[in-house]
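**Student:**
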Amino acid sequence: MSDTLLTDSAAQVFADAEAAARGARSAPAWSASLWARVEEAGFAAALTYGEEGITSADALGIVRTAAAHAAPVPIGETMVAHWLLAEAGLAVPEGPLSFAAGDTLAATEGDGALYVEGRLAAVPYATEAAGLAVVVMVKARPLVVHLRAADYATERGMNLAREPRDDVVVRTAVPPDRFGPAPVGLAGLFAIGATLRSVAMAGALETLLARTLAYAGERVQFGRPIAKFQAVQHSLAQIASETAAARAAADMAAERLTGPDAGTLAAVAKVRAGEAATKAAGLAHQVHGAIGFTEEHALHLYTQRLWAWRDEFGTEAQWALVLGEAALAAGASGYWPMVTALDDAASGAAEA
Amino acid sequence: MDQIAFAPPADDPALSELRREVRAFLAETIGSHRPGQRIRSWMGNDAAFSRACGAAGYLGMTFPARYGGHGRTAMERYVVSEEMLAAGAPVGLHWIADRQSGPLLLQYGTEAQRQEILPKVAAGECYFCIGMSEPDSGSDLAAARTRAEPVEGGFVINGTKVWTTNAHLAHYMILFCKTEAASDDRHGGASQLLIDLATPGITISPIHNMAGAHEFNEVSFRDVHVPAGALIGTRGGGWAQVMGELAFERSGPERFLSTFAVLTELIHAAAADPSREAKVAIGRLTAHLVTLRRMSRSVAGLLQAGENPSLQATIVKDLGAVFEQDLPEIARLLVPRGGRGDGQGQGDYQAVLDYAVLHAPSFSLRGGTREILRGIIARGLGLR
Ligand SMILES: Cc1cc2nc3c(=O)[nH]c(=O)nc-3n(C[C@H](O)[C@H](O)[C@H](O)COP(=O)(O)OP(=O)(O)OC[C@H]3O[C@@H](n4cnc5c(N)ncnc54)[C@H](O)[C@@H]3O)c2cc1C
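Top line first, the protein sequences correspond to chains A and B. When you read off a place in the first sequence, starting at 1, and then add 1431, the result is the number in this note's numbering. When you read off a place in the second sequence, starting at 1, and then add 611, the result is the number in this note's numbering.
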């Protein structure tokens, strides 16, 4: 599968996802039939296609496209879970998956099995998932644990956009063929989650921009389309600039999903995309007027997701703190070299 | 949204070697400069430094060798530019010539103009100023009234330019003026001329800015005779040319790095006892900076690929101005002017903060106002 093939087929698979995202009032956003098409397209394993020339940025392009259609399926979560299990040398089950950093779980090894007990908060689509890939620390070593649906109970929760964010209660003994060494630690996994959400925000912003442009071109007041008013044009220009910035920042993080700079780039992306989400969502509602405030209009599918995703896997402030600490550690003289190393593989290698 | 896409800049391992060279050059030439000097950056003037940049091969980098250039790529030039700005090097004298006037002459100039001027630009010995704005023509550049009347063997110029940065230090001006009879086409009838500022009839009067500095000027032309060879490109085709020139003017890293010293001095000042608030604010600024740099490098990559990223450049300039105007406001609330914790070098922090606060209003004016830039973005989105 080539990267363009991947992009094209993602556009096809998710083309009608928005209708599925609407669902019933107060029901969670989830579409089993859409998931079947996602699975058929082979997207679940996209992060493990490196040998076929598919980069992490290409793979996350699927997540961006899904978000651009408000797709009610855990595609990013499944991709990461699939990758975790594969890297740990474990069998990967079919069906939607999710992942979590298990820092709230107690995990102890004994008699060849791993005893896992505790509660995980707000795991995306845990109720719908066929299983979870959870990273736990055992004797200061990160392990990936494959929990099957039968191993845990879930309590339904939802984010602002009614996407499933369920608590998971687990108490089980995991046999040796379902845990293995993890390719990332807890912080690394959290950063991957932040990058997933940043990429998704970039996708939702692209749709937000396109819809807002289209609406401003159609809506007539004072005898002309509101897009002809300079104040409205400037709002649209700002939505475009914020969208472009979010995309640029998310691309950077997606290119380096793992590796030494991954955490810093995830931080850059989450801060910048989160800020873009806030600004652009506010402006988009302003341009839409009252119609955009209705349940019937699709705008909220995107603005609500943007607002929700800002808060997941660390807010702008939480990640800015991480970046600020890195900047202060680099100090006044080390700051610029730190900045240039981030977006310059060659110089990054040279500085290291 | 293809028209606002910022393609990932290509990775070139040779760039890191160049970056190391430039850093070593800067350590040697301006290593002893205080932050108060560095903050002036592309407003700082130093003829010896400009010549040293020329000698090191850091000017006219993308010009062909036959014009004294070095046949380097846009990405290589980008690395040199951003390192100069991040270090706060005094690049002001040669900046406009290297950034836009030289490339304009390379593209539209006559062979004689190129041979005479470009080698001097590449050597760091020839400075330019931009003669676009006039008293009654700011954002509305097409309203320019300065006229170059075609006469036997050349032109006779009358009119007044304002806000002309460095006219008092420059050797040449690229003059935007009317050469043809008025017509219905607001954008028609304009040309660009290469003006030797030593020509009789030109008066350069200082205008001091609100920080007390003499950076820009009023330049008046009274019956100024210039030869026919002063014409750049096509007579009457000045509008298209000047728009192309603005793309060079707006796309560079100087649009978000001109007060970079505020950020490094803030980090220095906050380092002793950073509050959570300070860490978050510095982290946020870093996220913006890293993203702007990525977008700006992408523009350089697109230029190198022969594309016309003027919309992307406009987005970078608008976001860059917002960032540069936020920076001193955030800094002054985190570390009050004069309130540096460690009691050392208070002067440095104060000096850069004062400079940035006093110059911030100009960031969303020079090179096109915020409103004009947003209008250009709106046009790029198909709204006009
Ligand atoms: C530090 C500095 C250096 C400069 N250096 C040079 C130089 O070297 N050479 C040169 O030629 N020029 C230079 N300029 C001039 C600069 O290009 C102009 O200031 C700029 O184009 C704006 O023109 P103006 O100042 O006349 O403002 P105006 O055009 O009068 O604008 C005033 C206000 O009205 C707004 N406005 C105007 N038209 C519209 C519109 N259609 N829609 C909405 N709002 C509008 C503007 O955005 C602005 O807020 C420099 C300016 C500064 C501040």
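Built from N, CA and C at the ideal position, the CB exists for glycine as well. Computed from a predicted model, the values in this text were never measured in an experiment.
Got a sec: which bits of the segment 1725-1748 of chain A sit with their beta carbon under 8 Å from any beta carbon on chain B, in order along the chain?
**Tutor:** Residues passing the 8 Å Cβ filter: 1747, 1748.
**Student:** State the Cα-Cα distance for the pair residue 1749 (chain A) and residue 891 (chain B), rounded to the nearest angstrom.
**Tutor:** Whole-angstrom Cα-Cα distance: 8 Å.
**Student:** DSSP state of residue 1559 (chain A), grouped into three classes?
**Tutor:** Note: residue 1559 (chain A) maps to coil in three-state DSSP.
**Student:** From the beta carbon of residue 1437 (chain A), is the nearest beta carbon of chain B less than 8 Å away?
**Tutor:** With 8 Å as the cut-off, residue 1437 (chain A) does not count as an interface residue toward chain B.
**Student:** Any C-beta of chain A within less than 8 Å: which residues of the segment 904-923 of chain B qualify?
**Tutor:** Listed by position along the chain: 904, 905, 906, 908, 909, 923.
**Student:** In three-state terms, what does DSSP make of residue 1779 (chain A)?
**Tutor:** Low local confidence applies: a pLDDT of 36 at residue 1779 (chain A) is under 50, so the model's placement there is unreliable, with the coordinate-based value given in what follows. If DSSP states are grouped into helix, strand and coil, residue 1779 (chain A) belongs with the helices.
**Student:** Are there any heavy atoms of ligand 1 lying less than 7 Å away from the beta-carbon of residue 650 (chain B), as far as the coordinates show?
**Tutor:** No, Cβ of residue 650 (chain B) sits at least 7 Å from all heavy atoms of ligand 1.
**Student:** Taking Cβ positions, are residue 961 (chain B) and residue 948 (chain B) nearer each other than 8 Å?
**Tutor:** A contact, by the Cβ cut-off of 8 Å.
**Student:** Taking 7 Å as the cut-off, is the CB of residue 743 (chain B) close to at least one heavy atom of ligand 1?
**Tutor:** Checking every heavy atom of ligand 1 against the Cβ of residue 743 (chain B), one is found closer than 7 Å.
**Student:** I'd like to know if residue 928 (chain B) contacts chain A, where contact means its C-beta is closer than 8 Å to some C-beta of that chain.
**Tutor:** No, residue 928 (chain B) lies away from the interface with chain A (no Cβ there is under 8 Å from its Cβ).
**Student:** Tell me which residues share the same chain as residue 633 (chain B) and place their Cβ nearer than 6 Å to its Cβ, disregarding the 5 neighbours each side in the sequence.
**Tutor:** Around residue 633 (chain B): 691, 694.
**Student:** By the criterion of Cβ-Cβ separation under 9 Å, what are the contact partners of residue 1683 (chain A) in chain B?
**Tutor:** Correct list: 619, 901, 902, 905.
**Student:** With a threshold of 8 Å between beta carbons, is residue 1447 (chain A) in contact with chain B?
**Tutor:** It does not: the Cβ of residue 1447 (chain A) has no partner Cβ on chain B nearer than 8 Å.
**Student:** Within this structure, are the beta carbons of residue 846 (chain B) and residue 790 (chain B) separated by less than 8 Å?
**Tutor:** Yes. Within cutoff.
**Student:** Put residue 1682 (chain A) into one of helix, strand or coil per three-state DSSP.
**Tutor:** Helix.
**Student:** Please report whether the beta-carbon of residue 749 (chain B) lies at a distance below 8 Å from any beta-carbon of chain A.
**Tutor:** No - not a single Cβ of chain A is within 8 Å of the one on residue 749 (chain B).
**Student:** State the Cα-Cα distance for the pair residue 1661 (chain A) and residue 908 (chain B), rounded to the nearest angstrom.
**Tutor:** Answer to the nearest angstrom: the Cα atoms are 30 Å apart.
**Student:** So does residue 983 (chain B) have its beta carbon nearer than 7 Å to some heavy atom of ligand 1?
**Tutor:** Indeed, a heavy atom of ligand 1 lies less than 7 Å from the Cβ.
**Student:** Kindly identify the DSSP beta-bridge partner or partners of residue 818 (chain B).
**Tutor:** Paired residues: B:827.
**Student:** Helix, strand or coil for residue 1722 (chain A), going by three-state DSSP, please let me know.
**Tutor:** It is helical.
**Student:** Grab me the residues of residue 853 (chain B)'s own chain with a C-beta within less than 8 Å of its C-beta, minus the 5 sequence neighbours each way, in chain order.
**Tutor:** So the list reads 743, 752, 787, 801, 803, once near-sequence residues are dropped.
**Student:** Which of helix, strand or coil does DSSP assign to residue 1744 (chain A)?
**Tutor:** Residue 1744 (chain A): coil per DSSP, three-state reduction.
**Student:** Less than 8 Å between CB atoms is the rule here; does residue 1771 (chain A) satisfy it with respect to chain B?
**Tutor:** Yes, contact with chain B.
**Student:** Taking any Cβ of chain B, which residues in the segment 1751-1766 of chain A have a Cβ under 7 Å from it, in chain order?
**Tutor:** Correct list: 1751, 1752, 1753, 1754, 1755, 1756, 1758, 1759, 1762, 1763, 1766.
**Student:** Helix, strand or coil for residue 783 (chain B) per DSSP?
**Tutor:** It is a strand residue.
**Student:** Since residue 669 (chain B) is in the beta strand (DSSP E), which residue starts that stretch and which ends it?
**Tutor:** Careful: residue 669 (chain B) lies outside any beta strand (DSSP E) and carries neither H nor E.
**Student:** If you measure from the beta carbon of residue 1686 (chain A) to each beta carbon in chain B, is any gap under 8 Å?
**Tutor:** So, interface residue.
**Student:** Let me confirm a value: residue 741 (chain B) is counted as buried when at least 16 other C-beta atoms fall within 10 Å, else exposed. Which label applies?
**Tutor:** With 16 or more other Cβ atoms within 10 Å, it is buried.
**Student:** Among residues of its own chain, excluding the 5 on either side of residue 856 (chain B), which ones have a beta-carbon nearer than 7 Å to its beta-carbon?
**Tutor:** Correct list, in chain order: 711, 715.
**Student:** For residue 788 (chain B), verify whether its CB is less than 7 Å away from any heavy atom of ligand 1.
**Tutor:** Outside the cutoff, so no.
**Student:** Starting from residue 649 (chain B), follow the alpha helix (DSSP H) in both directions and report where the run begins and ends.
**Tutor:** 646-649 is the span of the alpha helix (DSSP H), which, as asked, contains residue 649 (chain B).
**Student:** Compare the C-beta of residue 963 (chain B) against all C-beta atoms of chain A and say whether one is closer than 8 Å.
**Tutor:** False, the Cβ-Cβ gap to chain A never drops below 8 Å.
**Student:** Can you tell me the Cα-Cα spacing of residue 1479 (chain A) and residue 1713 (chain A), whole angstroms?
**Tutor:** About 37 Å.
**Student:** Whose C-beta lies closer than 6 Å to the C-beta of residue 1574 (chain A) among residues of the same chain, with five residues either side of it excluded?
**Tutor:** Here the set comprises 1567, 1610, 1613.
**Student:** For a contact meaning CB atoms closer than 8 Å, what does residue 1774 (chain A) contact in chain B?
**Tutor:** Those are 620, 901, 904, 905, 908, listed as they occur along chain B.
**Student:** Excluding the five sequence neighbours on either side, which residues of its own chain have a C-beta within less than 6 Å of the C-beta of residue 1678 (chain A), listed in chain order?
**Tutor:** Excluding sequence neighbours, residue 1678 (chain A) sits near 1633.
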